[in-house]
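Beneath this line is the structure, given in structure tokens, with notes to follow.
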Amino acid sequence: MRLDGSCHCGAVRFGVDSPHPYPYQRCYCSICRKTAGGGGYAINLSGRAETLDVQGREHINVYHAVIDGNTSTGERHFCRHCASALWVFDPQWPSLVHPFASAIDTPLPIPPERVHLMLDSKASWVEVDARENDQCFAVYPQESIAEWHQRLGLEDDA
């Protein structure tokens, strides 16, 4: 599925092909919550890095989070004008890019279940809206974004 996205002010537009377009995974870690979360969590999708097409790249800044005193290799791309979180890229996994669902303009499919992860980092004011088929994890689950889509037969051949 082709995902098209943009920042709030319109300075940055991007597109990426995603075989895993369901916005099912809610991350409550302090990094996602503080840099991209609206409900106390952020939702990352998965795309093929080689298909990422960006207009307005000169308007993008990159943030490297510090985790346990070490600077992360993960690159959190955001608009330097309106601060919209756009996507995460980590050179440790060069074939992947993870756009934030909040930056996607393409209508996204509704997931049949959701995964709430990093609940040990959840802010005290956040109420987890876990439904009947949802899964909850204190840290990262073993199942990847790709594996979740495969298990449910939701992979797109994009």
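Per the UniProt record's numbering, residue 1 is the first one in the sequence shown, and the count goes up by one each step.
For every residue, glycine included, the Cβ atom is placed at its ideal position computed from N, Cα and C.
Measure the alpha-carbon distance for residue i versus residue j and round it to whole angstroms.
| i | j | result |
| --- | --- | --- |
| residue 201 | Tyr22 | This structure leaves residue 201 out entirely; the chain is present only between 1 and 158. |
| Arg80 | Leu119 | 29 Å |
| Glu58 | Ala130 | 39 Å |
| His77 | Ile60 | 6 Å |
| Ser30 | Gly37 | 9 Å |
| Asp90 | Val16 | 16 Å |
| Asn44 | Gly56 | 21 Å |
| Ala146 | Arg33 | 23 Å |
| Gln25 | Ser18 | 15 Å |
| Ser46 | Glu75 | 15 Å |
| Gly153 | Pro112 | 11 Å |
| Ser72 | Leu96 | 16 Å |
| Ser84 | His8 | 6 Å |
| Val128 | Tyr140 | 16 Å |
| Trp93 | Phe14 | 20 Å |
Using DSSP with H/G/I as helix, E/B as strand and the rest coil, what is residue i?
| i | result |
| --- | --- |
| Leu119 | helix |
| Cys151 | According to the sequence provided, residue 151 is Arg. The question's Cys does not apply to it. Three-state result, Arg151: helix. |
| His77 | strand |
| Arg33 | helix |
| Ile145 | helix |
| Ala11 | coil |
| Ala42 | strand |
Since residue i contacts residue j with CB under 8 Å, what's their CB separation in whole angstroms?
| i | j | result |
| --- | --- | --- |
| Asp105 | Ser6 | 6 Å |
| Pro99 | Leu117 | About 17 Å; that fails the 8 Å criterion. |
| Val126 | Tyr28 | 7 Å |
For residue i, decide whether its Cβ has a neighbour in chain D, counting only Cβ atoms nearer than 7 Å.
| i | result |
| --- | --- |
| Glu75 | Considering every chain present, this structure includes no chain D. It has just one protein chain. |
Note down, one range per segment and in chain order, each alpha helix (DSSP H) of at least 4 residues found wholly within the segment 53 to 109.
-> none
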